[in-house]
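Numbering (my numbering), first residue to last: 49 to 501.
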């Protein structure tokens, strides 16, 4: 294997690689409001060309560009690697230790929006290819990469791209490099993702805001939404909508074995420590907490807005209110069918006045633990990090994995090089030099091991 030579190269040029990472971290690419997307896509394209990729920029109307890259070798195997270059909005800005798009390095941390999720992962793949090129080595596999710019808003246009360019995306397996390490610094491997139904519920009861003295006469839309929300979910997190659990699959024996083999107590303790919580919902602990996290659907209030929320007092009866909900879905649940269930349920409960607007759909996905790509990624992780990777049957999060498993028919593993508890989606998101350069080695090792699987 060529990993020793790559590691030696990184000791010489790793500083240059880190500076390139900082360059792209300084370029905003906020998909939620379209800020800096094109500029970041062009920058990424140029980095890929310099690394040795044949590059295409795909565009469809009203969608952010997808960057597709290819490097051919003499291997009979083709690996597709996925990542995303868009990032979350950085707010609240006042909670950042340094501006979110300056990539300032402080106390060993490179602080920037996208540092962990997921520009360091994307650049690790690019720099892995560049390392082979610098050393004059052929890649151990034929490599195809797909970097999208809409993951943080639910990948709404990626299905179109996948369908349009299906022939170019033929491969033997997929690795989605969009993850990182657990609280003890061990690589995490996710063999599937939860699906998601994201909706907005909106209620309007008057044409203009009213004086709150009229509360005995005019219905308050915020109360209407609160009453509707209470009917959706029990205090223990169970979803009360009719038919919601009809398609929930009982975890397979191999799934239970996987989580029993993980250091789940360290994971759960790390979550409590990071978020400063003393207990989990309903007091669930141990492996039961992990089962609930991975194998149960959820109903979460992501945001609620109505009336006056500024400083001081204002007695107002708002004319309208809205709430954003995300439902995480487990394998075999269908987000389109569950949207119908939600609409029927609200009407049956007397909430015909509440409008339901679907904002995003993601289907759940799953890859068997016996798949060759799983063994290859696990072996690569052990090689690079000298620690046993933590392999989970699925992630509690959501993403476009179903496009690879269901549409392209590939086994897929989600992993990555972000450092533990990296503040993704929060202020002071960060990576480190060591994490990023280990990621370059990890991406290289994945290709090496998969070539021999």
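Backbone N, C-alpha and C fix where the C-beta goes; we use that ideal spot for every residue, glycine too.
On a predicted model such as this, the values are computed, not experimentally measured, just so you know.
What does the alpha-carbon distance come out to for the pair residue 204 and residue 197?
Taking the chain shown and counting its residues from 1, one reaches residue 204 at position 156. Taking the chain shown and counting its residues from 1, one reaches residue 197 at position 149. Approximately 10 Å between the Cα atoms of the pair.
Per DSSP, which one or two residues make a beta bridge with residue 114?
On the chain shown, residue 114 is found 66 positions in, with the first residue counted as 1. In the DSSP output, where bridge partners are listed per residue, residue 114 has 106.
If we ignore side chains and look at the alpha-carbon of each, how far apart do residue 416 and residue 444 end up?
In the chain shown, counting from the first residue as 1, residue 416 sits at position 368. In the chain shown, counting from the first residue as 1, residue 444 sits at position 396. Roughly 17 Å separates the two Cα atoms.
Roughly how many whole angstroms lie between the Cα atoms of residue 496 and residue 318?
Indexing the chain shown from 1 puts residue 496 at position 448. Indexing the chain shown from 1 puts residue 318 at position 270. Each residue's alpha carbon lies about 32 Å from the other.
Distance check for residue 388 and residue 359, CA to CA, integer angstroms please.
Here residue 359 is taken as the residue at index 311 of the chain shown, counted from 1. Here residue 388 is taken as the residue at index 340 of the chain shown, counted from 1. Near 39 Å, if we compare the C-alpha coordinates of residue 388 and residue 359.
Within its chain, find whatever has a CB closer than 8 Å to the CB of residue 244; leave out the 5 residues flanking it on each side and keep chain order.
The residue you call residue 244 lines up with position 196 of the chain shown. Excluding sequence neighbours, residue 244 sits near 202, 374, 375, 376, 377, 383, 408, 409, 410 and 446.
To the nearest angstrom, how far is the alpha carbon of residue 261 from that of residue 397?
Position 213 of the chain shown holds residue 261. Position 349 of the chain shown holds residue 397. Their Cα atoms are separated by approximately 28 Å.
Does residue 205 come out as helix, strand or coil in the three-state DSSP assignment?
Looking up residue 205 in the chain shown gives position 157. Note: residue 205 maps to coil in three-state DSSP.
Could you name the residues of the same chain whose beta carbon sits closer than 6 Å to that of residue 62, not counting the 5 residues immediately before and after it, in chain order?
Residue mapping note: residue 62 aligns to position 14 of the chain shown, counting from 1. If we look at residue 62 and ignore the five residues flanking it on each side, its Cβ neighbours are 485.
Going by the beta-carbon positions, is the gap between residue 413 and residue 454 smaller than 9 Å?
Residue numbering aside, residue 413 sits at position 365 when the chain shown is read from its first letter. Residue numbering aside, residue 454 sits at position 406 when the chain shown is read from its first letter. Against a cut-off of 9 Å, the Cβ pair of residue 454 and residue 413 comes out as a contact.
Three-state secondary structure (DSSP) at residue 347?
Your numbering for residue 347 matches position 299 in the chain shown. The answer is strand: DSSP assigns residue 347 an E or B state.
Here's the rule I'm using: 16 or more other beta-carbon atoms within 10 Å means buried, otherwise exposed. How should residue 141 be labelled?
As a working mapping, residue 141 is identified with position 93 in the chain shown. Answer is exposed; the Cβ neighbour count stays below 16.
Using the Cα positions of residue 217 and residue 130, report the straight-line distance between them to the nearest angstrom.
Within the chain shown, numbered from 1, the residue matching residue 217 stands at position 169. Within the chain shown, numbered from 1, the residue matching residue 130 stands at position 82. When rounded, the distance between both Cα atoms is 11 Å.
Using a 10 Å radius around the Cβ and a threshold of 16 neighbouring Cβ atoms, would you call residue 124 buried or exposed?
Position 76 of the chain shown, counted from the first residue, corresponds to residue 124. Result: exposed.
In angstroms, rounded to a whole number, what distance separates the CA positions of residue 149 and residue 139?
As a working note, residue 149 is residue 101 in the chain shown. As a working note, residue 139 is residue 91 in the chain shown. Pairing residue 149 with residue 139, the inter-Cα distance amounts to about 12 Å.
Please state whether DSSP places residue 238 in a helix, a strand or coil.
Locating residue 238 in the chain shown gives position 190, counting from the first residue. DSSP places residue 238 in strand when its eight states are reduced to three.
Looking at the strands, I want to know which residues DSSP matches up with residue 129.
If you number the chain shown from 1, residue 129 lands on position 81. According to DSSP, which records beta bridges pairwise, residue 129 is partnered with 193 and 223.
Does residue 85 come out as helix, strand or coil in the three-state DSSP assignment?
Taking the first residue of the chain shown as 1, we reach residue 85 at position 37. Here residue 85 sits in helix by DSSP.
Within this structure, are the beta carbons of residue 273 and residue 402 separated by less than 9 Å?
Sequence index remark: in the chain shown, residue 273 carries index 225 (1-based). Sequence index remark: in the chain shown, residue 402 carries index 354 (1-based). It is a contact, given that the beta carbons lie within the stated cut-off.
Which ranges does the alpha helix (DSSP H) cover as unbroken runs of at least 4 residues, wholly within the segment 322 to 373, from first to last along the chain?
334 to 343
Once DSSP output is grouped into helix, strand and coil, what is the label at residue 256?
Within the chain shown, the letter at position 208 stands for residue 256. DSSP places residue 256 in coil when its eight states are reduced to three.
Which one or two residues does DSSP pair with residue 375 in a beta bridge?
Position 327 of the chain shown, counted from the first residue, corresponds to residue 375. Bridge partners of residue 375: 245 and 347.
Report yes if the CB atom of residue 189 is closer than 9 Å to the CB atom of residue 499, and no otherwise.
By 1-based counting over the chain shown, the position of residue 189 is 141. By 1-based counting over the chain shown, the position of residue 499 is 451. Yes.
Using 10 angstroms around the beta-carbon of residue 102, count the other beta-carbons present and answer buried if the total reaches 16, otherwise exposed.
Sequence index remark: in the chain shown, residue 102 carries index 54 (1-based). Its Cβ having fewer than 16 others within 10 Å, residue 102 is exposed.
Starting from the C-beta of residue 429, find all residues in its chain whose C-beta is less than 6 Å away, skip the five residues before and the five after it, and write them out in chain order.
Position 381 of the chain shown, counted from the first residue, corresponds to residue 429. Closer than 6 Å at Cβ, skipping near neighbours: 235 and 437.
What do you get for residue 209, buried or exposed, if any count of 16 or more other CB atoms within 10 angstroms of its CB means buried?
As a working note, residue 209 is residue 161 in the chain shown. Per the 10 Å Cβ criterion, buried.
Taking Cβ to Cβ, would you say residue 153 is nearer than 9 Å to residue 476?
Locating residue 153 in the chain shown gives position 105, where the first residue counts as 1. Locating residue 476 in the chain shown gives position 428, where the first residue counts as 1. Cβ distance not < 9 Å, so residue 153 and residue 476 don't count as in contact.
Since residue 409 sits in a beta bridge, which residues does DSSP pair it with?
Residue 409 sits at position 361 when you count from the first residue of the chain shown. BP columns for residue 409 point to 245.
How is residue 487 classed by DSSP in three states: helix, strand or coil?
Within the chain shown, residue 487 is the residue found at index 439, counting from 1. Looking at residue 487 - three-state DSSP - the assignment turns out to be helix.
Can you tell me where the beta strand (DSSP E) with residue 154 in it begins and where it stops?
Residue mapping note: residue 154 aligns to position 106 of the chain shown, counting from 1. Where residue 154 is concerned, the enclosing beta strand (DSSP E) stretches over 152 to 154.
In this structure, how does DSSP classify residue 72 when only helix, strand and coil are distinguished?
For this step, residue 72 is matched to residue 24 along the chain shown. In the structure shown, residue 72 sits in a helix (DSSP, three-state: H, G or I).
Between 137, 97, 165 and 109, which has its C-alpha nearest residue 466's C-alpha?
As a working mapping, residue 466 is identified with position 418 in the chain shown. Of the listed residues, the one whose Cα sits closest to residue 466 is 165.
Label residue 283 either buried or exposed according to how many other C-beta atoms from any shown protein chain fall within 10 Å of its C-beta, with 16 as the threshold for buried.
Position 235 of the chain shown holds residue 283. Looking at its Cβ environment, which holds fewer than 16 other Cβ atoms inside 10 Å, residue 283 is exposed.
Per DSSP, which one or two residues make a beta bridge with residue 415?
Residue 415 sits at position 367 when you count from the first residue of the chain shown. In the DSSP output, where bridge partners are listed per residue, residue 415 has none listed.
Could you check whether residue 460 and residue 239 sit closer than 9 Å to each other, using their CB atoms as the reference points?
Along the chain shown, one-based indexing puts residue 239 at 191. Along the chain shown, one-based indexing puts residue 460 at 412. In this structure, residue 460 lies closer than 9 Å to residue 239 by Cβ.
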